[in-house]
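Student: My questions all concern the structure below.
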Amino acid sequence: MTDHDIGTELAERVRDAAAARQPLRLVGRNSKAFYGHAVDGETLELAGHRGIVRYEPTELVLTARAGTPVSEIEAALAANGQMLPFEPPSFDGEASIGGAVAAGLGGPRRPWGGAPRDLLLGITLLDGRGRILRFGGEVMKNVAGYDVSRLMAGALGTLGVLLEVSLKVLPAPAVEESLVLTLNHEHALARVRELARQPAPLSGACHVDGRLYLRLSGNAASVEAWRTQIGGDGGNEADIWRDLRDHRLPFFASQQPLWRLGLPPATPRLACEQSVATDWAGAQRWVHSDCSGSEIRTEVAKSGGHAILFRHGNDETPVFHPLDAVRQRLHIGLKQVFDPAGILNPGRQYASI
Amino acid sequence: MSTESLHNRRERLAARLRGVIAGPHVLSSDEELKPYECDGLSAYQVVPLLVVLPGSIEEVQAALRICHEEETVVVARGAGTGLSGGALPHAEGVLLSLARLNRILAIDPDNCCARVQPGVRNLAISEAAKPHGLYYAPDPSSQIACSIGGNVAENAGGVHCLKYGLTVNNLLAVEVVTIEGERVTFGGGGLDGPGLDLLALVTGSEGMLGVVVEVTVKLLPIPQRAQVAMAAFDDVETAGQAVADLIAAGILPAGLEMMDNPSLRAAEDFVHAGYPTDAAAILLCEVDGGNEEVSEDIAKVRQRLLDSGADEVRTASDDSERARFWAGRKAAFPAVGRISPDYYCMDGTIPRKHLPRVLREIARYSDESGLRVANVFHAGDGNLHPLILYDANNPGELELAEEVGGRILELCVEVGGTITGEHGVGMEKINQMCAQFPPEELQLFHDLKAVFDPGTLLNPGKAIPTLNRCAEFGAMHVKAGDLRFPHLERF
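Protein chains in written order, with numbering that gives the first Met the number 0: chain A, 0 to 352; chain V, 0 to 490.
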């Protein structure tokens, strides 16, 4: 596939759809088709809008068209010893960079490296009227105007079509090593919380199947010093992070509903966490549960978190955590501003937007 | 607005507000109002109609409900250290000071976060977290005085942004009171909240969308060690290239600062930091982390800087020398204040590769205007602070300084940068917003504000210019990359 700029055609499609009030289902490379509610609409294919537009390693910024495969970007970065710090998942397919930003998902490195929203510096946006707008830019610090770019990260295409994204990139660590400690959930969580308060070069901390996996990233001296201090078994566990990121561990094979709980990391295991794989040093928990959706959401909300019915849901249970009245009103208002005809991925996140 | 006289309006509104704000915290006399006439940008001054200092979230809600009913403008104010006039009062509006909401509500070492009221000083958070081995990373130069609520409103930065991010990257949640007086939380107890990222939207929104009444910040482990190297260069371009070389070598400095000769000399005269006063520019490069990591990195930094053409590289031999190296940089603004009756501080951000060209142009503007310019540069993240020296007592000099400042900011936009990296638009850079954004984007900003504040009562007239204003100002949007000097070499 060669680089291609089809922004003008896409804008025309959106303008026509807005005039006809024809809902559009935005599709990048379709690796996260399962995520969110199904959208009933014509498909707006974005994979053809692709290519790295600008990348200067010494500026630590990369700009790419939305349909560019993440793997292509990661290869370009790796050739210069750099990386996307948020480690975007691609699940069973191939993610596009636009989809990675629109879904807002971060991999195991997220607590230390940030989420897509943390690395997003600027966007070219196609709004629901078919206008091409620019927000942010290609510089690290920019407080001119409201931060519309970051608002788009995780919005699942409900407010606009990302045409280009500019991302902050970082040097890849010189050395990366994984450790395994056999610990139960409670002890693992305690150990991780203790480590999180120390200047350890952590870049991954998950607990799966009675084992705590830790990843250390940094220069050789630092990784070696902390590896000795933490103990546990070393060995080649690098695949665990990719398998966890892309839900390829046996834990994820079940066809039971998969809940994703976002919680304060030190939250003790909740009653609804009957079967759990814990990531992000405790802040992200993948859960299979016999509890009802509302039981799970009540318990999680009490702890200051929120719950997403990530996969294998049914039509009755909303995928995303319900909003209170004020936030609901603001969501509807923002949808009205960016997509007054209500044609962009309607209902994918919430029925009201 | 009714025909009621300003005086009557003040008295009537004060009486209503005194009904909901306990104690002597509604200020209405001239001598009480005068101290609030400006924030850290003293070139602009407006005496507010009233000042209220609520002591609780409930009082903030009650005050906002009254202002909403009375269709009265509200300008929120933190510590008043802002440099863009974001907290400049409105003559017919209420100035809502959050200064009394100054309690640290919880330091939670298990979850590595702190829950604080908006009036808490930035540095106070790190001080309170220190016994737990934690700190709050963003450190604007005003951190001993500025409040966290103001930091959220401005998305404040500091000298460690390249590695640790801005305010927006270090927040977990904010609680906001809407103009209608409702409480709402954006973000959550974990690393994200449900729905759209309203936390990111409200951060840096300059008090135009809501009033921040509680902030939950992320705390990080205090690095075991930090080490700083100071490198002297005989020309600014070599120093700029050295920055690119460091980044290319895979080093992510915790802080990377550049000062040109006028600013480093002023700083040296002021705090005796040990800077070589004959250098054209110096770089301060700090690395932090574990002991072993820092030893390895600082050796690498030293070698790179020498390879890149530094005349001299000194690494701080102990913590006191390190503190001294930084003291010069942190005192750069007041140091420049000593050599000139007034100075005007700019805040553009540029792609770093354009630094030599931007500095050359700034020198040209300086020659043409006869005003001296000292440059302080967050080199790691491209955030440039030219300080334009002038004397407000000389008729026309302030206007000249503003004109030079405007040209500098437009130049920043032209090379693909922005008019403000961390100080905010406020009142100060509102005209340059016309150069930064085309009308459609500006209109969208207004529409977005209306979602939160349909009556345009929260800090109106700041941050986003009206389209009419842009037409009057006569500035056209400068399209990034569409350079005015196409013959100049670019790479």
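Just so it is clear, CB atoms sit at the ideal spot from N, CA and C, and this is done for glycine as well.
Give me the Cβ distance between V72 (chain V) and L49 (chain V), rounded to the nearest whole Å; I'm assuming they're in contact under 8 Å.
Tutor: Position 73 of the second sequence, counted from the start, is the residue given in the question as residue 72 (chain V). Position 50 of the second sequence, counted from the start, is the residue given in the question as residue 49 (chain V). Actually they are not in contact, since the Cβ atoms of V72 (chain V) and L49 (chain V) sit about 11 Å apart, beyond 8 Å.
Student: At 9 Å on the CB atoms, spell out the chain A contacts of K352 (chain V), in chain order.
Tutor: In the second sequence, residue 352 (chain V) corresponds to position 353, counting from 1. Near K352 (chain V) (Cβ distances below 9 Å), the residues of chain A are E55, T57, E58.
Student: How many Å lie between I239 (chain A) and L248 (chain A) at the Cα?
Tutor: For this step, residue 239 (chain A) is matched to residue 240 along the first sequence. For this step, residue 248 (chain A) is matched to residue 249 along the first sequence. One C-alpha to the other measures close to 8 Å.
Student: Assuming V69 (chain A) and A94 (chain A) are in contact, meaning their beta carbons sit under 8 Å apart, how far apart are those beta carbons, in whole angstroms?
Tutor: For the purposes of this step, residue 69 (chain A) is taken as the residue at position 70 of the first sequence. For the purposes of this step, residue 94 (chain A) is taken as the residue at position 95 of the first sequence. V69 (chain A) to A94 (chain A), Cβ: 4 Å. Contact.
Student: Is the distance from the Cβ of V216 (chain V) to the Cβ of Y135 (chain V) below 8 Å?
Tutor: Reading the second sequence from its first residue, position 217 is the one you call residue 216 (chain V). Reading the second sequence from its first residue, position 136 is the one you call residue 135 (chain V). Yes. Within cutoff.
Student: Beta strand (DSSP E) containing L359 (chain A): first to last residue?
Tutor: The structure shown does not extend to residue 359 (chain A), since chain A is modelled only from 0 through 352, so no value can be given for it.
Student: Any beta carbon of chain A sitting closer than 8 Å to that of R483 (chain V)?
Tutor: Stepping through the second sequence from its first residue, residue 483 (chain V) is reached at position 484. Only weak support is given to the placement of R483 (chain V): the predicted model assigns it a pLDDT of 42, under 50, and the value that follows is read from those uncertain coordinates. No, because no Cβ of chain A sits closer than 8 Å to the Cβ of R483 (chain V).
Student: Establish whether the CB of G388 (chain A) and some CB of chain V are separated by less than 8 Å.
Tutor: One cannot answer for residue 388 (chain A) here, as it falls past the ends of chain A, which runs 0 to 352.
Student: Which residues of chain V have a Cβ atom closer than 7 Å to the Cβ of H305 (chain A), listed in chain order?
Tutor: For the purposes of this step, residue 305 (chain A) is identified with residue 306 of the first sequence, where counting begins at 1. Simply G187, G192, P193.
Student: Return yes when the Cβ of S177 (chain A) is within less than 8 Å of the Cβ of G289 (chain V), no when it is not.
Tutor: As a first step, residue 289 (chain V) is located in the second sequence; it is residue number 290 there, counting from the start. As a first step, residue 177 (chain A) is located in the first sequence; it is residue number 178 there, counting from the start. Cβ atoms of G289 (chain V) and S177 (chain A): not closer than 8 Å.
Student: For the pair the region 345-361 of chain V and the region 372-387 of chain V, tell me if three or more CB-CB distances fall below 8 Å.
Tutor: Short answer: they touch.
Student: Looking at chain V, is there any beta carbon in it that lies within less than 8 Å of the beta carbon of E315 (chain A)?
Tutor: For the purposes of this step, residue 315 (chain A) is identified with residue 316 of the first sequence, where counting begins at 1. Taking Cβ atoms only, chain V never reaches closer than 8 Å to E315 (chain A), which makes this a no.
Student: Quick check: the region 137-148 of chain A against the region 148-159 of chain V, are at least 3 beta-carbon pairs closer than 8 Å?
Tutor: The answer is yes - the region 137-148 of chain A touches the region 148-159 of chain V, with three or more Cβ pairs under 8 Å.
Student: Which residue from V:S125, V:V151, V:V201 puts its Cα closest to that of R149 (chain A)?
Tutor: The residue labelled residue 149 (chain A) in the question sits at position 150 within the first sequence. Of V:S125, V:V151, V:V201, the residue nearest in Cα terms is V:V201.
Student: So P373 (chain A) and R108 (chain A) are supposed to be a Cβ contact under 8 Å. How far apart are they, rounded?
Tutor: This structure leaves residue 373 (chain A) out entirely; chain A is present only between 0 and 352.
Student: According to DSSP, simplified to helix, strand and coil, what is E205 (chain V)?
Tutor: As a position in the second sequence, residue 205 (chain V) is number 206, starting the count at 1. Of the three classes helix, strand and coil, the one that applies to E205 (chain V) here is coil, per DSSP.
Student: Are three or more beta carbon pairs between the region 18-34 of chain V and the region 50-61 of chain V nearer than 8 Å?
Tutor: In short, these stretches touch, since the Cβ pair count reaches three.
Student: Going along the chain, which residues of the region 94-116 of chain V sit with their C-beta nearer than 7 Å to a C-beta in chain A?
Tutor: Listed in sequence order: P108, D109, N110, C111.
Student: With burial defined as no fewer than 16 other Cβ atoms inside 10 Å of the residue's Cβ, what is the status of A334 (chain V): buried or exposed?
Tutor: Residue 334 (chain V) sits at position 335 when you count from the first residue of the second sequence. That one is buried.
Student: By the criterion of Cβ-Cβ separation under 9 Å, what are the contact partners of C160 (chain V) in chain A?
Tutor: Taking the second sequence and counting its residues from 1, one reaches residue 160 (chain V) at position 161. Neighbours of C160 (chain V) on chain A, chain order: M139, K140.
Student: Just the Cα atoms here: how many angstroms apart are E179 (chain V) and S288 (chain A)?
Tutor: Numbered from 1 along the second sequence, position 180 holds the residue referred to as residue 179 (chain V). Numbered from 1 along the first sequence, position 289 holds the residue referred to as residue 288 (chain A). Rounded to the nearest angstrom, the two C-alpha atoms are 40 Å apart.
Student: Can you tell which of A:G341, A:F319, A:L329, A:A324 has its C-alpha closest to the C-alpha of Q348 (chain A)?
Tutor: Taking the first sequence and counting its residues from 1, the one referred to as residue 348 (chain A) is at position 349. Here the closest residue by C-alpha is A:F319.
Student: Can you tell me the Cβ-Cβ gap for E311 (chain V) and P261 (chain V), rounded? I've got them flagged as a contact below 8 Å.
Tutor: As a position in the second sequence, residue 311 (chain V) is number 312, starting the count at 1. As a position in the second sequence, residue 261 (chain V) is number 262, starting the count at 1. The pair is not a contact, with the Cβ atoms about 19 Å apart (cut-off 8 Å).
Student: What does DSSP give as the partner residues of D232 (chain A) in its beta bridges?
Tutor: Within the first sequence, numbered from 1, the residue matching residue 232 (chain A) stands at position 233. Answer by DSSP bridge pairing, in chain order: A:V179.
Student: For the putative contact between G81 (chain V) and G425 (chain V), defined by C-beta atoms under 8 Å, what is the C-beta separation to the nearest angstrom?
Tutor: Counting from 1 along the second sequence, the entry for residue 81 (chain V) is found at position 82. Counting from 1 along the second sequence, the entry for residue 425 (chain V) is found at position 426. About 7 Å separates the two Cβ atoms, so the contact holds.
Student: Closest to V270 (chain V) by C-alpha separation, out of V:G209, V:A253, V:V300, V:R337, would be which residue?
Tutor: Counted from its first residue, the second sequence places residue 270 (chain V) at position 271. Among V:G209, V:A253, V:V300, V:R337, the Cα nearest to that of V270 (chain V) is on V:R337.
Student: Have a look at G79 (chain V) and I51 (chain A) and give me their C-alpha separation to the nearest angstrom.
Tutor: Here residue 79 (chain V) refers to the residue found at position 80 of the second sequence. Here residue 51 (chain A) refers to the residue found at position 52 of the first sequence. About 43 Å.
Student: Beta-carbon within less than 7 Å of A13 (chain V)'s beta-carbon, same chain only, minus the 5 sequence neighbours each way: which residues are those?
Tutor: The residue given as residue 13 (chain V) occupies position 14 in the second sequence. Answer for A13 (chain V): V25, S27, L49, listed in chain order.
Student: Would you list, in chain order, the members of the region 156-180 of chain V that have their beta-carbon closer than 8 Å to a beta-carbon of chain A?
Tutor: Listed by position along the chain: G156, C160, L161, G164, L165, V167, N168, T177.
Student: Can you look up P438 (chain V) in the DSSP assignment and give me helix, strand or coil?
Tutor: On the second sequence, position 439 is the one that residue 438 (chain V) refers to. Residue state, collapsed to three classes: helix.
Student: Please state the DSSP three-state secondary structure of L52 (chain V).
Tutor: As a first step, residue 52 (chain V) is located in the second sequence; it is residue number 53 there, counting from the start. Residue state, collapsed to three classes: coil.
Student: Identify whether E185 (chain A) lies in helix, strand or coil by the three-state DSSP scheme.
Tutor: One-based indexing of the first sequence puts residue 185 (chain A) at position 186. Helix, per DSSP.
Student: Can you tell me the Cβ-Cβ gap for A199 (chain V) and D146 (chain A), rounded? I've got them flagged as a contact below 8 Å.
Tutor: Against the second sequence, residue 199 (chain V) aligns to sequence position 200. Against the first sequence, residue 146 (chain A) aligns to sequence position 147. At roughly 5 Å, the Cβ-Cβ gap stays under 8 Å, so A199 (chain V) and D146 (chain A) are in contact.
Student: Consult DSSP for R120 (chain V) and reduce its assignment to one of helix, strand or coil.
Tutor: Taking the second sequence and counting its residues from 1, one reaches residue 120 (chain V) at position 121. Correct three-state label for R120 (chain V): strand.
Student: Beta carbon of V60 (chain A), beta carbon of L120 (chain A): below 8 Å?
Tutor: As a first step, residue 60 (chain A) is located in the first sequence; it is residue number 61 there, counting from the start. As a first step, residue 120 (chain A) is located in the first sequence; it is residue number 121 there, counting from the start. Yes, Cβ-Cβ distance for V60 (chain A) and L120 (chain A) is below 8 Å.
Student: Does the distance from the CB of E439 (chain V) to the CB of L269 (chain A) come in under 8 Å?
Tutor: Locating residue 439 (chain V) in the second sequence gives position 440, where the first residue counts as 1. Locating residue 269 (chain A) in the first sequence gives position 270, where the first residue counts as 1. Contact flag unset, no.
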